[in-house]
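Okay, so here's the structure we're looking at.
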Amino acid sequence: MDITPKQYAAALYDSVKEKKKNNLKAILKEFVKFLAVNNDILKSEKIILEFEKIWNKKNKIVEAEIISADVLDKPTVKLLKEYIAKLSGAEQVFSSQLVEKNLLGGVVVKYGDKIIDGSLKTRLNNLKEEMIK
Amino acid sequence: MSNTKDFIVEELKNQIAGFKTEVKEQTVGTVIEVGDGIVRISGLSDVMMSEMIEFKSADNRQDTPNEAKNQVYGVVLNLEEDSVGAIVLGNFESIKEGDTVVSLKKILEVPVGDNVVGRVINPLGEALDGKGKLDTDKFYPIEKIAPGVITREPVNKPVQTGIKAVDSMIPIGRGQRELIIGDRQIGKSAIAIDTIINQKGENMKCVYVAIGQKESKIASIVAKLKEHGAMDYTTIVLTGASDPASLSYIAPYAGCAIAEYFLDKGEDVLIVYDDLSKHAVAYREISLLLRRPPGREAYPGDVFYLHSRLLERSCKLSKQYGGGSITALPIIETQAGDVSAYIPTNVISITDGQIYLEPDLFYQGNRPAVNAGLSVSRVGSAAQIKAMKKVAGKMRLETAQYRELAAFAQFGSDLDEETIQKLERGKRLVEIFKQDQYEPLPVAKQVLIFFSAISGLLDSVPVEKIRQFEKDLYNYADTSGENVLNEISEKQEIDKNLEEKMKKLVNDYKDTLDYLLKDDISKN
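Chains A and B, in that order, give the protein sequences.
If you count by this note's numbering, then the first sequence holds residues 1 to 133, one letter each, in order.
If you count by this note's numbering, then the second sequence holds residues 134 to 657, one letter each, in order.
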């Protein structure tokens, strides 16, 4: 049986959690050696992705993407972050911001596989469909 | 003029004031792979099995013309560790890798209601007959658990197919599942269509599910049904041969959901699945594309369950539960008469009997080509009316004897009197079973002709004249023997008195003929 990237990542997480920083280097070296022995170096990118997912999940970290029509000021971003934290039950929220002019107004928040669409564009579209009905 | 303008503006304001948007959290996924009618999606972590999903392609978000904006839906069929497999209901060419998918939080449903009667629709409830959108606000899920034991009762009312060979020897009851099986081009659909035509005035709704059929064939079926006034109580669910396999796969379930609406109203429904071998092929295609392991004949392991859960939804409900029924006539096409292939054996074991059509009989001119020996109805005889039961029992025996003797008599010419008489009788019975398409026969007339045959009244009619005689006898009975026919259909039983009346009717008619054989002994 092949070892999947997910299994690698889970194993790596188990071996590094609650370890001190100076031990980590040795563990990682061993891990890479293990990958090489199994001819799985090519999987490393996927393993890193999976590892990030696991790490975020265990430490209750959420990565969110905030898309808005204009650059948002700091208090608004902070409010949004608190809102996301409340929705997802996370303790820490990392956010990245994106500006997309054709949203017209409002924000779209994406985190994990969830999306909260509060943009003016969608609302106008919904209104349009309602009117056609 | 300004009045109208004011009204419009006012109305618009009201509309906008009443319009509230709600910002909801939605679960989304992205398409990572598109195949022939299937997609693989990442994300959608909390999606359910057989949940509906909507594809929002990048194009749709731009201001594309309306027809191109047609929403494409899908159904989740595979839940895997890091991806979701789904089938696309509709045009999968517009879906691209990276498109957004939204889960709709509901199981796939079809519109049902009284308005679907007389329509030709696809399995999603979209009209295909150009009569405009279906006007109904009721929806039924396409997958439903079949009614349980306590809600059911044994079949007790017949479905009159109007086909002599079927009604006499292989009777079908309301709530039964009777398989029609045979090679291609042998009259399987014809039996089903005749049955639908014969339901006129029988208080029966009909659903005809065409799975992967040629659209030309369906067009002619619809025309025929219209001609006979059968579209007044019939719904046609159609997936054409060029439609994606996913639509063919859901078609019988959608048809069954439409039937269940009438069942819940306590009505009797007849549903025809034409045909389930194409359905199995469509499911095989989907399963293989979704990389489920293939089994015998490359069908997936759950192909038995595919049909059993569908046919189990046919039922006869007891009085407390409305008393409705769904009678199913599934059709299976065999390859060169091979009934021991995978799908035919499966469906034979699920159904309550089968009507087996044979090529040899068909080419000999015995149409419908029902093989009476291999065809059975396991429960239908309980529902047969008494009059028919009485004549049919003897018929069955005499036909069986004839078949045996006929095979034996081929070798010798020296036969005793009794054998010759049996052979002559048998030949006439075979003639009687012949019946033209689109000409279903009321049960009273069937009883009359069968009674004439087994009581020897037809022995004096030359074999080649039997069909002519039959036709003319019906005409004669319609004009001067109406009370006899009425009595049969009212009493549903043959007593001595009625027996005499029938004998008299037939003999009276025979007196007007000039082609009878001379040594007529039956009159004595």
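We treat Cβ as the ideally placed atom computed from N, Cα and C, and that holds for glycine.
query                                                                                                                             : result
Three-way DSSP call (helix, strand, coil) for residue 339(B) in this model                                                        : strand
Closer than 8 angstroms at the beta carbon, the chain B residues around residue 118(A)                                            : 156
Endpoints, the alpha helix (DSSP H) within which residue 528(B) is located                                                        : 519–542
Contained alpha helix (DSSP H) runs [length at least 4] in the stretch 101–133 of chain A, N- to C-terminal order                 : 120–132
Status (buried if at least 16 other CB within 10 Å, exposed otherwise) for residue 521(B)                                         : buried
Candidates 138(B), 308(B), 610(B) and 537(B), of which the one nearest residue 285(B) by Cα                                       : 308(B)
Alpha helix (DSSP H) runs contained entirely in the stretch 29–79 of chain A, provided each spans 4 or more residues              : 44–58
Under 8 angstroms between C-beta atoms of residue 441(B) and residue 483(B)                                                       : yes
Terminal residues of the alpha helix (DSSP H) in which residue 80(B) lies                                                         : Any property of residue 80(B) remains undetermined from this structure, which presents chain B solely from 134 to 657.
Any chain B beta carbon closer than 8 angstroms to residue 113(A)                                                                 : yes
C-alpha distance - residue 62(A) paired with residue 410(B), whole-angstrom precision                                             : 50 angstroms
Status (buried if at least 16 other CB within 10 Å, exposed otherwise) for residue 345(B)                                         : buried
Segments assigned beta strand (DSSP E), at least 3 residues, entirely inside the stretch 250–334 of chain B                       : 271–274 and 312–315
Residue 211(B) versus residue 427(B): straight-line alpha-carbon distance, rounded                                                : 15 angstroms
Residue-chain proximity (residue 1(A), chain B), Cβ-Cβ < 8 angstroms                                                              : no
Proximity test, Cβ basis, 8 angstroms: residue 129(A) and chain B                                                                 : no
CB of residue 431(B) within 8 angstroms of CB of residue 382(B), strictly                                                         : no
Test item: CB-CB of residue 488(B) and residue 299(B) under 8 angstroms                                                           : yes
C-beta atoms of residue 35(A) and residue 27(A) nearer than 8 angstroms                                                           : no
Sufficient close CB pairs (3 or more, under 8 angstroms) joining the stretch 331–349 of chain B to the stretch 369–387 of chain B : yes
8 angstroms Cβ cutoff met for residue 303(B) and residue 506(B)                                                                   : no
Neighbour list for residue 87(A) in chain B, Cβ cutoff strictly below 9 angstroms                                                 : 158
Residue range of the unbroken beta strand (DSSP E) whose run includes residue 461(B)                                              : 458–466
8 angstroms Cβ cut-off: residues of chain A touching residue 258(B)                                                               : What residue 258(B) touches in chain A: nothing, since even the nearest Cβ is about 17 angstroms away.
Start-end ranges of the alpha helix (DSSP H) lying completely within the stretch 550–607 of chain B, minimum 4 residues           : 550–566 and 576–587
Simplified DSSP assignment, three categories, for residue 211(B)                                                                  : strand
Residue from 159(B), 229(B) and 604(B) whose Cα sits closest to the Cα of residue 237(B)                                          : 159(B)
Own chain residues within Cβ distance below 6 angstroms of residue 97(A), not counting five before or after                       : 66
Euclidean distance between Cα positions of residue 635(B) and residue 476(B)                                                      : 46 angstroms
Cα-Cα separation, residue 650(B) to residue 595(B)                                                                                : 7 angstroms
Closer than 8 angstroms to chain A by CB, residue 178(B)                                                                          : yes
Cβ pair residue 394(B), residue 281(B) closer than 8 angstroms                                                                    : no
Residue-chain proximity (residue 486(B), chain A), Cβ-Cβ < 8 angstroms                                                            : no
Inter-residue Cα distance where the pair is residue 640(B) and residue 590(B)                                                     : 8 angstroms
Chain A residues whose Cβ lies nearer than 9 angstroms to that of residue 162(B)                                                  : 113
Which of helix, strand or coil DSSP assigns to residue 478(B)                                                                     : helix
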